[in-house]
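A short write-up of the structure that comes next.
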Amino acid sequence: SASVNLVFRKGILMATSNRWVSRFVRRYGMRLGAGRFVAGETFDEAVPVLRRLNEQGLRTNTTLLGEGVRDETMARGVADTYCDVLDRIAAEGLQTNIALKLTHLGLDLGEDIAYENVKRVVAHAATVGNFIRIDMEESARVDATLAIYRRLRADGFDNVGTVLQAMLYRTARDLEDLLPLKPNLRLVKGAYLESADVAYQKKSEVDRNYLYLAERMLDECSFTAIATHDERIIAHVIDYTKRHGIGSDRFEFQMLYGIRPQLQRDLVRQGYRVLVATPYGSEWYFYLMRRLAERPANLLFVLRGLAR
Ligand code: FDA
Numbered sequence: 010s011a012s013v014n015l016v017f018r019k020g021i022l023m024a025t026s027n028r029w030v031s032r033f034v035r036r037y038g039m040r041l042g043a044g045r046f047v048a049g050e051t052f053d054e055a056v057p058v059l060r061r062l063n064e065q066g067l068r069t070n071t072t073l074l075g076e077g078v079r080d081e082t083m084a085r086g087v088a089d090t091y092c093d094v095l096d097r098i099a100a101e102g103l104q105t106n107i108a109l110k111l112t113h114l115g116l117d118l119g120e121d122i123a124y125e126n127v128k129r130v131v132a133h134a135a136t137v138g139n140f141i142r143i144d145m146e147e148s149a150r151v152d153a154t155l156a157i158y159r160r161l162r163a164d165g166f167d168n169v170g171t172v173l174q175a176m177l178y179r180t181a182r183d184l185e186d187l188l189p190l191k192p193n194l195r196l197v198k199g200a201y202l203e204s205a206d207v208a209y210q211k212k213s214e215v216d217r218n219y220l221y222l223a224e225r226m227l228d229e230c231s232f233t234a235i236a237t238h239d240e241r242i243i244a245h246v247i248d249y250t251k252r253h254g255i256g257s258d259r260f261e262f263q264m265l266y267g268i269r270p271q272l273q274r275d276l277v278r279q280g281y282r283v284l285v286a287t288p289y290g291s292e293w294y295f296y297l298m299r300r301l302a303e304r305p306a307n308l309l310f311v312l313r314g315l316a317r
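The numbering used here numbers the first residue of the sequence shown as 10 and each following residue consecutively.
Printed below as a string of structure tokens:
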């Protein structure tokens, strides 16, 4: 039921910061099935995965997993890696863009550090005709993330977009403020543990806000990414875009690697643009824990791996 899932979700997200849980999962996670959600520990391992998805008609984005970097040299190194990955994507002829997290690029060290790093990646992406999506992290990071997005747009970069979360009360206001920029936005429900002071707690409320925001975005944004595995939302969006004559070049569906692959292919067959977010890297711990929190069955999947 909805309330059992809510308790489960909060429990997993709270356990994520527990030292013992972290040690155990980091040690056994790959063996236990993290590989279902992660394309490999290196970009070399991810390339054939991305190619296979492209061959099935699916667009992809990739992410070097990691977040909360507090060392300036390391944060700069992440930006260097993304520039190399952009060159590799071009050389391999992949239909793949990049989604990144600003705390991976040093946001916790200061807004200007993250801005300089992401600007370098966005500028490099522009030279190879690629696109950068800035993921949205915890509610405490929303102001800085949107500020950096605005600075990049003010610099004249159009090959950049960001993400809004339907679970936050503030998002409807944030969206209206962004619309004059004709932004390229991804809409998600929100994957972080947030309090009732800032976020809807009930799934029904998050879903209702999601539908409202999706319609506003589809009407007004230059491009909208509907990122969800929720079939009721997907059906609603299909119906809405048909009724309002919103062309399939103005939006796409996005899902995560390893989640609902059949639904991904079904939508491609129906003529929709579908992108599969396909991360790689050895820092998969937080990513895996958010995926486990989303669905009790995923924890069972991992625990079954333990029994093998
Ligand atoms: P919901 O959780 O209601 O699930 C609907 C149905 O989808 C479930 O009944 C199940 O069938 C299936 N499903 C959902 N999650 C599953 C899982 N983990 N395993 C198996 N089945 C599952 N969040 C964020 O805060 N910032 C961000 O930048 C992003 N970026 C992002 C990109 C993309 C491409 C996606 C798809 C998602 C994100 N998210 C995110 C995560 C997002 O906020 C949300 O946590 C997940 O998408 C799960 O929510 P759903 O919309 O799928 O709905």
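The C-beta atom is built at its ideal place from N, Cα and C for all residues, glycine as well. Just so we're clear, the structure is a prediction, and the values are computed from it rather than from any experiment.
Residue interval of the beta strand (DSSP E) (run including residue i)
i: M2; result: It is not possible to answer for residue 2, since the shown part of the chain is limited to 10 through 317.
i: L118; result: Neither: L118 is in no beta strand (DSSP E) and is coded neither H nor E.
i: F295; result: Unbroken run through F295 is the alpha helix (DSSP H), Y294 to E303; no beta strand (DSSP E).
i: A236; result: F232 to A236
Start-to-end residues for the alpha helix (DSSP H) that takes in residue i
i: R11; result: Going by the sequence as given, residue 11 is Ala instead of Arg. Element bounds for A11: A11 to A24.
i: T82; result: E81 to E101
i: L184; result: T180 to L187
i: L222; result: K212 to E229
i: I247; result: E240 to R252
i: N27; result: Premise fails: N27 is in no alpha helix (DSSP H) and is neither H nor E.
i: L62; result: F52 to E64
i: L272; result: P270 to R278
i: R150; result: Looking at the DSSP string, R150 is not in any alpha helix (DSSP H), and its letter there is neither H nor E.
Within 7 Å, strictly: CB atoms of residue i and residue j
i: T287; j: T90; result: no
i: A88; j: L116; result: no
i: L111; j: A123; result: yes
i: A306; j: R18; result: no
i: L177; j: V169; result: no
i: Y296; j: L74; result: yes
i: G267; j: F46; result: yes
i: L202; j: L22; result: yes
i: L184; j: R225; result: yes
i: F260; j: L308; result: no
i: E120; j: A153; result: yes
i: V285; j: M298; result: no
i: L67; j: T105; result: no
Cross-strand partners of residue i (DSSP beta bridge)
i: G170; result: R142
i: I107; result: T71 and I141
i: A286; result: N70 and L265
i: L177; result: A208
* Cβ contact check for the stretch 183-202 and the stretch 125-139: 3 or more pairs under 8 Å -> No: the two stretches stay apart, fewer than three of their Cβ pairs being nearer than 8 Å.
* Is there contact between the stretch 209-218 and the stretch 229-236, where contact requires at least three CB pairs shorter than 8 Å? -> Too few Cβ pairs lie closer than 8 Å, so no.
* **the stretch 20-36 contacting the stretch 241-257, beta-carbon criterion three pairs below 8 Å** => With the cut-off at 8 Å, the stretch 20-36 and the stretch 241-257 do not touch.
* Asked: How do the stretch 240-247 and the stretch 13-32 stand: do at least 3 beta-carbon pairs fall below 8 Å, yes or no?
  -> No, the stretch 240-247 is not in contact with the stretch 13-32.
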